[in-house]
Structure formats: structure tokens, C-alpha cells
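Everything on this sheet refers to the single structure shown next.
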Amino acid sequence: MEFRIATESDLASIQTLARDTIDKCYRSFLGDESVDGYLSSGESDKEVTNNLSNCLVAIERDSLVGYCVLKEAFIHILMVSPNVQRKGLGSTFLAYIESTMASSGHTFLKLETFKSNTQAINFYLKNGWQIVNEETDAEFGFVRVYLEKHT
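Numbering (the working numbering), first residue to last: 790 to 940.
Structure (C-alpha cells):
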């Protein structure tokens with residue numbers, strides 16, 4: 790697998806991967822109405838466009854299979870294509886991200902996810918992350934889980 794900084798030519802592929810991942814993986818914990826509304830609003834594509842300069846991509850056999858948005862020591866987004874999940878690619882990508890951030894002088898990393906996203910939480914716990922806090926979003930009513938890992 791190859792990892793590199795995203796370029797403008799990756800934008801459409803990242804947007805497609807993000808929409809596909811949200812569509813296939815987020816329904817179980819956000820519900821159909823929320824996912825359909827988010828995808829039809831175009832916000833997913835805007836999020837990718839607005840964060841392209843902070844994005845790393847994972848390439849496997851000439852296909853973009855994952856992307857990560859980093860903001861300092863915070864993993865803002867980490868997605869791996871549902872077509873390649875549970876094959877170790879996500880763990881390999883995460884290890885690369887952690888190593889890259891450690892080489893940049895970051896001694897710990899942070900991220901957040903939905904408490905109801907048990908697949909993501911279990912993935913991070915399996916990879917050595919620790920839950921450090923939970924917080925209810927008063928506006929939307931869901932619970933965010935905050936995780937950290939020392940590098």
C-alpha cells in the first residue's frame with residue numbers, strides 16, 4: 790500500500806469514497822434519514838474539498854482505498870473503503886498516520902467518533918487507542934467519544 794499527500798486530482802475519488810463509506814457504514818448508527826439528508830445536501834463533498842490540503846490518501850493496486858484529514862495532532866476524518874475493510878488496510882494506514890505524526894514531533898494524537906459507531910470504536914481500541922471522554926451533543930442528541938493515543 791502507498792501513502793501520500795492528496796492532490797487536486799484525487800478530489801473526485803476521495804469524495805466518491807466518502808459518500809460510499811457514509812452510505813454503507815453510517816446508516817446503522819445515524820439512520821437512513823440522517824444519512825440521506827447529509828449525502829443529498831452535498832456537505833460530504835464540501836467537507837472533502839475544504840480539507841483537501843490536510844489530507845493523506847491510501848492507494849492499493851492503483852485505487853484510492855482510504856483517506857485521512859489531519860489537523861495538527863487531531864484525526865478529523867479517517868475513512869477506508871467498505872470494499873477493503875476488515876483486511877488490515879485500515880490498521881496499516883492508521884499505523885502510518887501515527888508514525889508520521891510522531892516523526893513530526895506529536896507525542897499524542899486525538900480523535901472523536903460517535904458512541905454508536907461501535908465498529909470505529911472497536912477498531913481504534915484494537916489499535917491501542919484509549920477512550921478519554923464522552924460528551925452528549927445537546928443540539929443533535931448523540932454522544933461523541935473522544936480517544937487518544939500516545940505515540
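Note that beta-carbon positions come from the ideal geometry of N, C-alpha and C, so glycine has one too.
Closest Cα partner of Trp735 within the set Ile794, Lys899 and Asp926:
This structure gives no information on residue 735, because the portion of the chain shown stretches from 790 to 940.
Name the residue from Gly930, Gly855, Ser833 and Leu936 whose alpha carbon lies nearest to the alpha carbon of Arg875.
The residue you call residue 875 lines up with position 86 of the sequence shown. That would be Gly855, whose Cα lies nearest to the Cα of Arg875.
How is Gln874 classed by DSSP in three states: helix, strand or coil?
What you label residue 874 is simply residue 85 of the sequence shown in a count that begins at 1. Coil.
For Lys932, which residues in the same chain have their Cβ closer than 8 angstroms to its Cβ, ignoring the five residues on either side in sequence?
The sequence position of residue 932 within the sequence shown is 143, counting from 1. Per the sequence shown, residue 932 should be read as Val rather than Lys. Cβ neighbours of Val932 beyond the five flanking positions: Phe903, Lys904, Ser905, Glu923, Glu924, Thr925 and Asp926.
Take Tyr827 as the anchor and find which of Asn843, Thr810, Leu841 and Arg850 has the nearest alpha-carbon.
Your numbering for residue 827 matches position 38 in the sequence shown. Cα-wise, what sits closest to Tyr827 is Thr810.
What does DSSP give as the partner residue(s) for Asn922 in the beta ladder?
The residue given as residue 922 occupies position 133 in the sequence shown. Note: Asn922 sits in a beta bridge opposite Tyr935.
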